[in-house]
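A short worksheet on the structure shown next.
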Amino acid sequence: MSSLPPATPDDAGARPSFDEVFSVPGPAEASGLRPRQAKGRRGRRGLGCLVVLVVLAGIVTAGFFLLQGPIQQIIAAASGPEDYQGSGTGEVVVMIHEGDIGSDIATTLHDEGVTKSFDAFYQLLLKQASTHVFQPGAYKLATGMSAQAALDALIDPANKLEQTVVIPEGTVAADVYQLIAEGTSIPLEEVQAAAADVVSFGLPAEATTLEGFLFPATYTFTPGIGAHDALATMVNRQFQALDSAGVAPEDRWKTIVLASLIQKEAGLRDDYYKVSRVFLNRLDPNLWESGLMQSDATVAYGTGNTHRVSTTDAERADAANPYNTYVHPGLPVGPISNPGDLAIDAALHPADGPWLFFVTWNLDTGETIFSSTVDEHDAAVAKWLDWMDEHPEYQ
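2 is the number of the first residue of the sequence shown in the working numbering; add one for each residue after it.
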């Protein structure tokens, strides 16, 4: 910040008095006859005023830049969180699950591109001290909606897609039953009871549950549909997918088992076909003598932890787990998820390659390393462990 230089004795003597600066012109001045000394003093006074103005301008400029950040923060806080304007465009189906609270719904809306930010919707709920009860199910919204428009749409019964069930790829049967109950008026207990009657759905003789045969898709059911009919619709859709892929009825079981394994283990689209090749290579005794798939996803499924693929040493050594492919050779005893078209296609058309190992080393991106030797695989595992050390949230 600039400051005036200290006054010298001469400057002090030249400084005008209050009366001189603000005096009314006298006769001599009015006639143009001004003392020479007065002329000199006025020159100094003009220079002093100029310096003061320059300094003040510097102070104002410096203050502007110093306060610019805080001022912007104050303006941002006063204007509220980032939010879209209007009712949005297009159409997106948003699922609200049983037990979802305001923060869960705010996260879902932001993730689906409905609202511009989490805070836009969440703070609106807090501001309104919302007592809205959001019913589980699927809702038809739009992308780029304002928080208020999204809230209005969610509490408008017209936007609830009645009898609509969305099944993502890889969802396990137990979760499918829950989604059916949430998307329809069918009680969960009725869905589970209907699913227990496996024989009535025409599955392969090896099937003991509906796992693997509930095709992942978006279903719109007629109001009043029963649990068995809803499940049968999904099973028949899976049969249709298998038929379209050229799978003979006698090959449905092994195709679905392998596809369900690929669905759980693969990340990126192209990796589905490589993962398929790894498992098929391990089924070849000339390439992999033990015949062990060594899939963590199968072990986890057998323990009941269907939402993860990592396992412990003790779990991998547990021979009592029939899904433990570290102990039991060959494919698992049954499907471990409900696969979609991509996984089925990968099971039928694996990539060409000598790979016997793979490890997804980056769980954020799904990047996977495929290896044909133990040494290569050990290096890939080391890379994964390093990544895990840097991301404790996954442990």
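The beta carbon of each residue, even a glycine, is placed where N, CA and C say it ideally should be.
(Q) With distance defined between alpha-carbon atoms, name the residue in Ile-181, Ile-257 and Leu-293 nearest to Ala-347. (A) Numbered from 1 along the sequence shown, position 346 holds the residue referred to as residue 347. Comparing Cα-Cα distances from Ala-347 to each of Ile-181, Ile-257 and Leu-293, the minimum goes to Ile-257.
Q. Going along the chain, which unbroken runs of the alpha helix (DSSP H) with 4 or more residues stay wholly within the segment 332-379?
A. 342-349
Q: Give the secondary structure of Val-167 by DSSP, where H, G and I count as helix, E and B as strand, and everything else as coil.
A: To locate residue 167, count along the sequence shown from 1; it is residue 166. Correct three-state label for Val-167: strand.
**Q.** Neighbourhood of Thr-304 by C-beta, 7 Å cutoff - its chain only, sequence neighbours within 5 removed
**A.** Residue 304 sits at position 303 when you count from the first residue of the sequence shown. Around Thr-304: Glu-316 and Asn-322.
Q | Residues near Pro-169 in its chain [Cβ-Cβ closer than 8 Å; skip 5 each side] | A | Here the question's residue 169 lines up with position 168 in the sequence shown. Same-chain partners within the cutoff: Pro-217.
**Q.** Integer-rounded CB distance, given that Asn-325 should sit under 8 Å from Thr-299
**A.** Locating residue 299 in the sequence shown gives position 298, where the first residue counts as 1. Locating residue 325 in the sequence shown gives position 324, where the first residue counts as 1. Contact flag correct, Cβ pair sits at about 7 Å.
Q: Determine, using beta carbons only, whether Glu-113 and Val-95 come nearer to each other than 8 Å.
A: Here residue 113 refers to the residue found at position 112 when the sequence shown is read from its first residue. Here residue 95 refers to the residue found at position 94 when the sequence shown is read from its first residue. Yes, the pair counts as a contact, with Cβ atoms nearer than the cut-off.
Q: Could you check the C-alpha separation between Gln-129 and Tyr-123 for me, to the nearest Å?
A: Locating residue 129 in the sequence shown gives position 128, where the first residue counts as 1. Locating residue 123 in the sequence shown gives position 122, where the first residue counts as 1. Roughly 10 Å separates the two Cα atoms.
Q: Starting from the Cα of Thr-374, find the closest Cα among Asp-365, Phe-359, Thr-132 and Lys-384 and give me that residue.
A: Translated into the one-based positions of the sequence shown, residue 374 becomes position 373. That would be Phe-359, whose Cα lies nearest to the Cα of Thr-374.
**Q.** Buried/exposed call for His-111, threshold 16 Cβ in 10 Å
**A.** As a working note, residue 111 is residue 110 in the sequence shown. With 16 or more Cβ atoms within 10 Å of its Cβ, His-111 is classed as buried.
Q: Kindly list the residues whose CB is nearer than 7 Å to the CB of Asp-342, restricted to its own chain and excluding five residues on each side of it in sequence; keep chain order.
A: Taking the sequence shown and counting its residues from 1, the one referred to as residue 342 is at position 341. Here the set comprises Ala-242.
Q | Whole-Å CB distance - Gly-213 paired with Pro-336, under 8 Å assumed | A | Your numbering for residue 213 matches position 212 in the sequence shown. Your numbering for residue 336 matches position 335 in the sequence shown. So it is a contact: roughly 3 Å between Cβ atoms.
(Q) Less than 8 Å between the C-beta atoms of Phe-119 and Gln-164, yes or no? (A) The sequence position of residue 119 within the sequence shown is 118, counting from 1. The sequence position of residue 164 within the sequence shown is 163, counting from 1. For Phe-119 and Gln-164, no; Cβs fall outside 8 Å.
Q: Spatial neighbours of Ile-156 within its chain, please: CB distance less than 7 Å, with the 5 preceding and 5 following residues excluded, ordered by chain position.
A: Position 155 of the sequence shown, counting from 1, holds the residue named residue 156. Excluding positions up to five away in sequence, the list reads His-133.
Q: Would you please state the rounded distance, in angstroms, between the beta carbons of Gly-400 and Gly-145? I believe it to be under 8 Å.
A: Because the chain in this structure spans residues 2 to 396, residue 400 falls outside the shown range and cannot be described.
Q | Which of helix, strand or coil DSSP assigns to Tyr-274 | A | Residue mapping note: residue 274 aligns to position 273 of the sequence shown, counting from 1. Of the three classes helix, strand and coil, the one that applies to Tyr-274 here is helix, per DSSP.
Q: Please say whether Tyr-140 and Leu-162 have beta carbons closer to each other than 8 Å?
A: To locate residue 162, count along the sequence shown from 1; it is residue 161. To locate residue 140, count along the sequence shown from 1; it is residue 139. Yes, they are a contact pair.
Q. To the nearest whole angstrom, what separates the beta carbons of Ala-228 and Val-199, a pair I think is in contact under 8 Å?
A. Here the question's residue 228 lines up with position 227 in the sequence shown. Here the question's residue 199 lines up with position 198 in the sequence shown. About 14 Å; that fails the 8 Å criterion.
(Q) On the DSSP bridge list, what partners appear for Lys-384? (A) As a position in the sequence shown, residue 384 is number 383, starting the count at 1. In the DSSP output, where bridge partners are listed per residue, Lys-384 has none listed.
**Q.** Euclidean distance between Cα positions of Glu-377 and Thr-366
**A.** Position 376 of the sequence shown, counted from the start, is the residue given in the question as residue 377. Position 365 of the sequence shown, counted from the start, is the residue given in the question as residue 366. Answer to the nearest angstrom: the Cα atoms are 21 Å apart.
Q) Quick one: what does DSSP say Met-235 is sitting in, helix, strand or coil? A) Position 234 of the sequence shown, counted from the first residue, corresponds to residue 235. It is helical.
Q. Assuming Ala-208 and Thr-307 make a contact with CB atoms under 8 Å, what is their CB distance in whole Å?
A. Against the sequence shown, residue 208 aligns to sequence position 207. Against the sequence shown, residue 307 aligns to sequence position 306. Actually they do not touch by this definition, with Cβ atoms about 18 Å apart.
Q.
I need the boundaries of the beta strand (DSSP E) containing Thr-256, first residue and last residue.
A. By one-based count along the sequence shown, residue 256 stands at place 255. First-last for Thr-256: 253-266, but that is the alpha helix (DSSP H), not the beta strand (DSSP E).
(Q) Quick check: what's the CA-CA separation for Ser-311 versus Val-115? (A) What you label residue 311 is simply residue 310 of the sequence shown in a count that begins at 1. What you label residue 115 is simply residue 114 of the sequence shown in a count that begins at 1. Approximately 33 Å between the Cα atoms of the pair.
Q: Report buried or exposed for Ala-260, applying the criterion of at least 16 other Cβ atoms within 10 angstroms of its Cβ.
A: Looking up residue 260 in the sequence shown gives position 259. Its Cβ being crowded by 16 or more others within 10 Å, Ala-260 is buried.
Q) CB-CB under 6 Å to Ala-249, same chain, minus the five flanking residues each way: which ones, in chain order? A) As a working note, residue 249 is residue 248 in the sequence shown. Excluding positions up to five away in sequence, the list is empty.
**Q.** Three-state class that DSSP yields for Leu-284 in the structure shown
**A.** Residue numbering aside, residue 284 sits at position 283 when the sequence shown is read from its first letter. Leu-284 falls in the coil class under three-state DSSP.
Q. Helix or strand or just coil, what does DSSP make of Met-294?
A. Here residue 294 refers to the residue found at position 293 of the sequence shown. Note: Met-294 maps to coil in three-state DSSP.
Q) In terms of DSSP beta bridges, what is Met-1 paired with? A) Residue numbering for the chain in the displayed model covers 2 to 396; residue 1 lies beyond these limits and cannot be assessed.
Q: Pull up the distance between the alpha-carbon of Thr-361 and that of Glu-394, whole angstroms please.
A: Along the sequence shown, one-based indexing puts residue 361 at 360. Along the sequence shown, one-based indexing puts residue 394 at 393. Distance between the alpha carbons of Thr-361 and Glu-394: 16 Å.
(Q) Let's test the definition: count the other Cβ atoms within 10 Å of the Cβ of Ser-186 and tell me whether it reaches 16, buried, or not, exposed. (A) Stepping through the sequence shown from its first residue, residue 186 is reached at position 185. When all chains shown are included, Ser-186 counts as exposed.
Q | Closest by C-alpha distance to His-350, when choosing among Ala-154, Leu-232, Ala-246 and Ala-197 | A | Locating residue 350 in the sequence shown gives position 349, where the first residue counts as 1. Cα-wise, what sits closest to His-350 is Ala-246.
Q: Just the C-alpha distance for Ile-370 and Glu-190, rounded to the nearest angstrom, thanks.
A: Taking the first residue of the sequence shown as position 1, residue 370 is located at position 369. Taking the first residue of the sequence shown as position 1, residue 190 is located at position 189. Distance between the alpha carbons of Ile-370 and Glu-190 is about 43 Å.
Q) Skipping 5 residues on each side, what residues in its chain have a beta carbon closer than 8 Å to that of Lys-255? A) Within the sequence shown, numbered from 1, the residue matching residue 255 stands at position 254. Taken in chain order, the residues that qualify are Leu-332.
(Q) Mapping the DSSP letters down to three states, classify Thr-312 as helix, strand or coil. (A) Working through the sequence shown from its first residue, we reach residue 312 at position 311. In the structure shown, Thr-312 sits in coil (DSSP, three-state: anything other than H, G, I, E or B).
Q: Could you spell out the range, first to last residue, of the alpha helix (DSSP H) harbouring Thr-219?
A: One-based indexing of the sequence shown puts residue 219 at position 218. No alpha helix (DSSP H) holds Thr-219; the beta strand (DSSP E) holding it covers 219-221.
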